[in-house]
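Right, one structure below, let's go through it.
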Ligand code: DGJ
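Numbering (the numbering used here), first residue to last: 73 to 819.
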């Protein structure tokens with residue numbers, strides 16, 4: 073598990089500031105964050121941008137001459153400014169004054185990543201704050217977080233505790249963020265930063281990536297571009313409530329803050345206790361959004377997505393195929409069908425336990441419903457083994473229903489405020505368990521642990537969470553800790569996941585939360601992937617997956633072929649288009665194969681076979697976004713290139729069938745080796761006659777200068793023509809010597 077690297081031991085501590093004369097560079101291969109420390113004040117941030125060679129004394133991008141910006145502003149002196157940390161001392165003093173409390177230290181861990189720690193302490197009170205900056209040289213990512221320690225004898229109350237602050241200067245800065253809702257996840261919003269405060273926040277309590285996302289891209293040189301301009305990418309690694317904010321003044325100075333949402337979350341820091349904030353990951357690109365995304369993808373796969381450097385299997389999930397209508401023969405039939413189509417895993421979704429015939433009961437009663445599954449889970453794993461596919465199962469461990477044995481036995485285990493009636497959600501009865509309660513944590517751990525231990529052939533868990541915190545109150549926490557509920561809920565969740573991962577390191581776990589409610593690096597170190605959306609309409613998925621690709625790699629995005637009319641939009645998208653879209657992520661199926669024609673099943677079988685040949689490039693390669701669905705150009709195009717640039721996959725989707733729409737039928741490709749030669753093969757081809765360049769070889773330079781002309785309609789028999797068109801081109805490096813038929817496709 074790569075998440076182990078977070079815990080990796082750091083070697084070689086060394087005093088820093090002395091060696092580099094008060095300037096503290098935090099460096100990656102191509103970027104640098106420059107801090108300045110002196111002996112009397114808390115450190116300043118001077119710069120974040122491309123690496124600077126030589127004399128650093130003139131480097132200052134963050135502020136005009138003579139102005140220094142505190143690296144981690146605290147509340148107290150000059151309270152009109154924005155601060156990242158605010159607390160109340162035991163005597164009621166609400167100010168902090170931080171001073172150096174020792175030499176900054178630097179240490180390299182066994183992955184070659186460097187941690188710089190800057191110890192600070194209040195001038196008078198026994199409160200210590202350590203600023204941490206962890207540089208990932210190869211990925212060009214820097215994580216920052218703080219540790220706040222109460223060294224006194226009485227509790228201190230934290231009222232704001234952000235992970236970090238980054239200043240930047242630009243008179244034409246643009247913020248790209250993701251917004252949406254259930255079934256409309258991952259929409260991209262681009263807006264110019266104007267004077268005042270822009271806030272992005274989430275207060276759902278459980279799911280945190282429907283309406284907003286804890287990640288942003290900030291373009292410093294005007295409107296965002298995929299290939300040019302300076303871009304700062306930021307991702308907060310936190311699965312709970314968060315707040316990101318940019319404060320912009322009238323002179324193009326901005327301060328970006330990110331952290332746990334402080335509202336209603338005052339935290340009593342006990343004597344001797346340290347509060348560690350979640351990490352904020354930063355990346356910098358001077359060649360546009362694309363590079364910033366690729367940095368996040370590389371860093372994510374390597375360090376913050378469970379098994380992120382391994383490809384994920386091709387699966388069939390039962391949800392849209394049968395919903396709650398589960399029984400053993402149907403499950404066995406679906407296993408056989410996915411096996412026949414070349415898939416590798418079958419996942420049984422909701423409906424297998426308690427008396428769960430709809431969404432109004434049984435969460436928490438994790439006993440197999442023997443009416444539906446007389447031979448239990450073992451019967452299913454036996455069936456899966458016989459058919460040569462692996463088996464996966466759905467759970468929703470953080471939840472219960474008022475109509476459940478669990479709730480009847482432990483009504484005190486659900487979130488509920490004193491003297492209030494419970495507030496119920498999905499199905500009219502859903503309740504959220506109180507994860508701040510260690511007994512509840514044990515129950516959750518034991519439930520999943522027992523399921524996996526008793527059924528060692530379970531290879532995959534779809535972990536769902538379908539309700540927000542509906543009433544703010546814990547029946548476990550004492551009166552003076554109620555305001556810590558959000559924070560303690562997520563600590564409890566992480567603690568359960570830590571224990572489960574310790575015991576079951578190899579199981580693949582999908583983070584699902586009412587569709588795409590848990591697309592967040594604060595949970596992905598425990599999870600192998602996330603469910604992008606319950607909206608599986610391929611057309612809509614182009615937008616959702618595009619938006620999420622700003623921050624998350626394709627290996628983490630479950631992308632399934634589903635039935636038409638689509639169960640959310642009722643749109644009827646042809647199977648080829650659905651397959652092509654699913655092939656841009658971790659391909660799977662979400663359908664009852666028995667309802668498909670033999671021809672459609674054959675098509676899917678061939679698509680799965682083709683996907684196996686490209687999935688390493690798609691899931692683990694570099695993404696280049698070419699034409700955005702959010703630019704409304706009637707076309708969406710993207711490509712993946714593997715690390716040695718031996719294989720690439722180019723995608724082109726027509727999204728507008730209006731004759732008046734000028735289509736982008738030719739887009740220069742990106743990311744190829746200009747000196748290499750690539751053979752072109754269309755995948756999932758349906759046209760009567762092949763594309764004119766099928767099987768031909770082109771130089772990487774030609775493809776990146778010119779691209780290839782897309783035939784914008786499928787060449788099909790009359791009566792079989794469809795109003796959609798999509799192309800998937802496989803590009804394979806040729807080892808032969810030129811000359812080739814270069815330029816034959818040049819217009
Ligand atoms: C919500 C998920 O997003 C769906 O995929 C499905 O698992 C249902 N829950 C099951 O209740």
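All residues carry an ideal CB built from backbone N, CA and C; glycine is no exception.
Because the structure is a prediction, the values reported are computed rather than measured.
- One Cα belongs to residue 102, the other to residue 739, and the distance between them is close to 28 Å.
- Looking at the backbone, the Cα of residue 171 and that of residue 267 are separated by about 31 Å.
- Residue 346 counts as exposed, since fewer than 16 other beta carbons sit within 10 angstroms of its beta carbon.
- Of 746, 700, 759, the smallest CA-CA separation from residue 735 is found for 700.
- Excluding the 5 residues flanking it on each side, residue 421 has same chain C-beta neighbours closer than 7 Å at 389, 390, 391, 466, 534, in chain order.
- Looking at the DSSP output, residue 204 shares a beta bridge with 189, 217.
- In terms of side-chain proximity, the C-beta atom of residue 651 is found no nearer than 7 Å to any non-hydrogen atom of the ligand DGJ.
- The DSSP-derived three-state label of residue 295 is coil.
- In this structure, the ligand DGJ has a non-hydrogen atom nearer than 7 Å to the beta-carbon of residue 422.
- Linking residue 306 to residue 245 through their CA atoms gives a straight-line distance of about 15 Å.
- In this structure, the beta-carbon distance from residue 156 to residue 117 does not fall below 8 Å.
- Of the candidates 497, 714, 765, 385, the residue whose Cα lies closest to the Cα of residue 581 is 385.
- A buried status is given to residue 258, since no fewer than 16 other beta-carbon atoms sit within 10 Å of its beta-carbon.
- Taking C-beta atoms as the reference points, residue 206 and residue 214 count as a pair closer than 8 Å.
- In the DSSP assignment, residue 238 falls outside any alpha helix (DSSP H) and within the unbroken beta strand (DSSP E) covering 228-241.
- The three-state secondary structure of residue 676, taken from DSSP, is helix.
- By the neighbour-count criterion, in which a residue is buried when 16 or more other Cβ atoms sit within 10 angstroms of its Cβ, residue 658 is buried.
- Counting C-beta pairs with one atom in each stretch, the region 472-479 and the region 431-444 have three or more that are closer than 8 Å, which means they touch.
- Residue 628 counts as buried, since no fewer than 16 other beta carbons sit within 10 angstroms of its beta carbon.
- In the DSSP assignment, residue 368 falls outside any beta strand (DSSP E) and within the unbroken alpha helix (DSSP H) covering 360-371.
- In the DSSP assignment, residue 753 falls within the beta strand (DSSP E) that extends over 749-755.
- The Cβ atoms of residue 98 and residue 188 sit closer than 8 Å to each other.
- Remark: the shortest separation between the CB of residue 497 and any heavy atom of the ligand DGJ does not fall under 7 Å.
- The straight-line gap separating the alpha-carbon atoms of residue 599 and residue 458 is approximately 28 Å.
- If only uninterrupted alpha helix (DSSP H) runs of at least 4 residues are considered, those enclosed by the region 452-539 are 477-481, 510-526.
- In terms of CA proximity to residue 724, 741 leads the group 731, 718, 741, 714.
- Secondary structure of residue 331 (DSSP, three-state): strand.
- Here residue 243 is exposed. Its C-beta has fewer than 16 other C-beta atoms within 10 Å.
- Secondary structure at residue 630: strand, using DSSP grouped into helix, strand and coil.
- The beta-carbon distance between residue 304 and residue 120, rounded to whole angstroms, is 7 Å. This is short enough to meet the 8 Å contact definition.
- With a cut-off of 7 Å, the C-beta of residue 538 is classified as near the ligand DGJ, since at least one heavy atom of the ligand falls inside that distance.
- At a cut-off of 3 residues, the continuous stretches assigned as beta strand (DSSP E) that sit fully inside the region 379-455 are 387-389, 417-420.
- Within the chosen limit of 7 Å, the ligand DGJ reaches the beta carbon of residue 603 through at least one heavy atom.
- In this structure, the ligand DGJ has a non-hydrogen atom nearer than 7 Å to the beta-carbon of residue 466.
- Counting the other Cβ atoms within 10 Å of the Cβ of residue 566 gives 16 or more, which makes it buried.
- Bounds of the beta strand (DSSP E) holding residue 247 are 246-251.
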